[in-house]
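Reading the sequence shown from the start, the letters are residues 2 to 269 in my numbering. By construction, the Cβ of each residue, glycine as well, lies at the ideal position given by its N, Cα and C atoms.
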Amino acid sequence: MMEQQRQQYLEAMGITAWVRRDLPEQVPVAVEATPTPNAENAQVAAVAKATPATASQEAEISSLPPPVVEPGHAASNNRVAQLDWPSLQQAVQDCQACELHKTRLNPVFGIGDPRARWMIVGEAPGVEEDKRGQPFVGKAGKLLDAMLQAVGLNRQTVFIANILKCRPPNNRDPQAHEIDACSTFLQRQIELIQPELILAVGRYAAQTLLQSNEPIGKLRGQVSKHLASGIPVVATYHPAYLLRQPGEKRKSWEDLKLAMTVSNPSNK
Ligand code: URA
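Next up, the structure:
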């Protein structure tokens with residue numbers, strides 16, 4: 002990527018790229034941003050035991066017909082666990098497992114490369130995503146794009162999905178029974194993609210994938226494991242939160258650098 006372009010993405014993340022003048026080529030080596038002091042920062046600092054990235058770290062399944070998934074139907078869940086990619090897409094399209102199917106315009110399956118090395122998992126579609134049937138197309142999506150670009154990725158080279166495939170009305174928080182009803186879809190996506198790394202953005206994604214009730218400030222800053230698959234998970238703040246709290250972007254950048262130490266898609 003052109004260095005100038007990369008710096009623009011870093012700037013979009015609220016990060017100043019410093020250029021070392023003693024190197025033959027102008028390589029940005031350190032990134033800093035001034036965190037905006039706020040109450041949550043203080044709280045997070047008090048509880049977080051984040052592992053900051055060190056310099057060295059920088060371094061056919063069956064083709065059964067798709068089930069119409071009904072609430073609490075274990076047999077349907079078992080069938081989802083055997084679906085191939087197109088059948089899984091169809092099953093999400095037809096899903097009636099929770100009330101959200103009544104108010105959605107479009108279910109949002111996800112977007113990107115089904116063989117991606119990185120999988121990004123968000124919370125749930127919002128109003129724009131519901132209209133377009135694609136994840137992260139609103140303002141938060143633009144920031145997510147910038148975050149990905151800052152590490153040399155984009156929405157074609159990763160796979161982006163959500164915990165919930167349907168929009169909760171009025172963008173309310175996902176409910177436990179909805180997460181439960183939808184989780185087999187995400188689980189099957191993870192099994193089929195087999196990513197090297199899952200980047201969980203936001204509290205719901207992190208808590209669901211890590212089966213934890215800890216706050217995001219405590220879950221981020223370290224490499225964890227997705228319990229069901231053993232795939233490494235790096236949790237970070239949700240881009241919508243970062244838009245409200247730009248001072249936290251620096252921590253997200255640390256999380257992205259940590260994620261790159263686990264899997265760096267530009268290394269083959
Ligand atoms: N927020 C999310 O978590 N996911 C989306 O797809 C859009 C906004």
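Taking 7 Å as the cut-off, does the CB of residue i come closer than this to any heavy atom belonging to the ligand URA?
{"i": "residue 137", "result": "yes"}
{"i": "residue 123", "result": "yes"}
{"i": "residue 113", "result": "no"}
{"i": "residue 192", "result": "no"}
{"i": "residue 170", "result": "no"}
{"i": "residue 239", "result": "yes"}
{"i": "residue 130", "result": "yes"}
{"i": "residue 147", "result": "no"}
{"i": "residue 109", "result": "yes"}
{"i": "residue 127", "result": "yes"}
{"i": "residue 163", "result": "yes"}
{"i": "residue 134", "result": "no"}
{"i": "residue 141", "result": "yes"}
{"i": "residue 231", "result": "no"}
{"i": "residue 203", "result": "yes"}
Go ahead and label residue i buried or exposed: buried means 16 or more other beta carbons lie within 10 angstroms of its beta carbon, across all protein chains shown.
{"i": "residue 250", "result": "buried"}
{"i": "residue 267", "result": "exposed"}
{"i": "residue 226", "result": "exposed"}
{"i": "residue 147", "result": "buried"}
{"i": "residue 259", "result": "buried"}
{"i": "residue 68", "result": "Caution is warranted here: a pLDDT of 48 is assigned to residue 68, below 50, making its placement in the model unreliable, and no coordinate value can be reported."}
{"i": "residue 138", "result": "buried"}
{"i": "residue 208", "result": "buried"}
{"i": "residue 172", "result": "exposed"}
{"i": "residue 257", "result": "buried"}
{"i": "residue 152", "result": "buried"}
{"i": "residue 145", "result": "buried"}
{"i": "residue 128", "result": "exposed"}
{"i": "residue 177", "result": "exposed"}
{"i": "residue 92", "result": "buried"}
{"i": "residue 131", "result": "buried"}
{"i": "residue 79", "result": "exposed"}
{"i": "residue 84", "result": "buried"}
{"i": "residue 187", "result": "buried"}
{"i": "residue 65", "result": "Reliability fails at residue 65, whose pLDDT of 45 lies under 50, so the model's placement of it is uncertain and no value is given."}
{"i": "residue 175", "result": "buried"}
Thinking C-beta only, is residue j closer than 8 Å to residue i?
{"i": "residue 233", "j": "residue 202", "result": "no"}
{"i": "residue 109", "j": "residue 135", "result": "yes"}
{"i": "residue 183", "j": "residue 165", "result": "yes"}
{"i": "residue 169", "j": "residue 101", "result": "yes"}
{"i": "residue 220", "j": "residue 211", "result": "yes"}
{"i": "residue 114", "j": "residue 150", "result": "no"}
{"i": "residue 194", "j": "residue 105", "result": "no"}
{"i": "residue 206", "j": "residue 124", "result": "yes"}
{"i": "residue 222", "j": "residue 179", "result": "no"}
{"i": "residue 217", "j": "residue 204", "result": "yes"}
{"i": "residue 243", "j": "residue 253", "result": "yes"}
{"i": "residue 119", "j": "residue 89", "result": "no"}
Since residue i and residue j are thought to touch, with beta carbons under 8 Å apart, how far apart are those beta carbons, to the nearest angstrom?
{"i": "residue 189", "j": "residue 81", "result": "5 Å"}
{"i": "residue 247", "j": "residue 141", "result": "Not quite, the Cβ-Cβ distance comes to about 13 Å (not below 8 Å), so this is no contact."}
{"i": "residue 111", "j": "residue 162", "result": "4 Å"}
{"i": "residue 126", "j": "residue 99", "result": "That belief does not hold up - the Cβ atoms of residue 126 and residue 99 are roughly 14 Å apart, past 8 Å."}
At what residue ranges does the segment 187–224 contain a whole run of the alpha helix (DSSP H), taking only runs of 4 or more?
You should have 204–211, 217–220.
Which runs of the alpha helix (DSSP H), 4 residues or longer, sit entirely within the segment 77–107?
Listed in chain order, the complete alpha helix (DSSP H) runs (minimum 4 residues) inside the segment 77–107 are 86–95, 101–104.
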